[in-house]
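One structure is given below, encoded as structure tokens.
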Amino acid sequence: MFSTLLTVALFAAPALADFAVNTPNLVQCQSAEISWAPTTGPYNLIVVSAEDPCGDALFDLGDHDGTSIHWTAALPAGANVQISVEDSTGDEAWSGVITVGKSNDSSCVPASVADIAKSESASEAASSSIQASSSAKASSAKASSTQASSTTAQSPSGTTVVVTPTATVNVAASTAEDPAPSAVGAAASNPLLGNGASSMRQSASVVLGALAAVLAFSL
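Numbering (this note's numbering), first residue to last: 2 to 220.
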């Protein structure tokens, strides 16, 4: 008994493994042949959206005892669909994704599926937009991170320049070859130099004259 069941299983396994449906070339409102490998009929065929293969069927092509049918593709050009075949035991076979080709005849396309291609295009555009936005945000964050890092560089004259995130440049040191800017600045603001020094000397002369007058009066 066990050997009999094992023999049946071995013969049945290749048949189940080979259950497949072809991927036909579908063109809007033109006839196409759909064929599949034989298992146990009858076979039920449905056409579904490739974007949602587990959703509601776009078309139920009915039950068939043979292993092929001809179907006029009542689908709009550009739609992406798949064909599923289920045999009487519940086993399924799926075609690859089929993009419906263009034709000048659209008379067979019902209103219920006329906008499938447009909906799929809008979905793809939205997905591309989200990806582009994510990439732009990532690039912006990377650029901000780069700008936020301070950079120290050495100028040809030997001056060390520090670049801060706000692009402010501070002179940290100067070589002996450069003019002494601090001395020039100090002279401009020190009251003991320049005009301030002249006023100091005049004040000293007045004081000395006053002391001389006091000493002469005392004598």
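Glycine included, every Cβ here is placed at the ideal spot set by N, Cα and C.
{"Query": "If we ignore side chains and look at the alpha-carbon of each, how far apart do Asp53 and Pro39 end up?", "Result": "27 Å"}
{"Query": "Do Trp37 and Val22 have their C-beta atoms closer together than 8 Å?", "Result": "yes"}
{"Query": "As a quick exercise: from Ala94, Ser108, Gly79, pick the residue whose alpha carbon is nearest that of Asp116.", "Result": "Gly79"}
{"Query": "Just how far apart, CA to CA, sit Thr68 and Asn105?", "Result": "30 Å"}
{"Query": "State the beta-bridge partners of Leu27 as determined by DSSP.", "Result": "In the DSSP output, where bridge partners are listed per residue, Leu27 has none listed."}
{"Query": "If we ignore side chains and look at the alpha-carbon of each, how far apart do Asn45 and Leu62 end up?", "Result": "7 Å"}
{"Query": "Among Ala75, Gly56, Ala214, which residue has its Cα nearest to the Cα of Ser32?", "Result": "Ala75"}
{"Query": "Secondary structure at Ala74, three-state DSSP: helix, strand or coil?", "Result": "coil"}
{"Query": "Beta-carbon within less than 6 Å of Thr100's beta-carbon, same chain only, minus the 5 sequence neighbours each way: which residues are those?", "Result": "Asn81"}
{"Query": "Drop a sphere of 10 angstroms on the beta-carbon of Pro77, count the other beta-carbons inside from all chains shown, and report buried for 16 or more, exposed for fewer.", "Result": "buried"}
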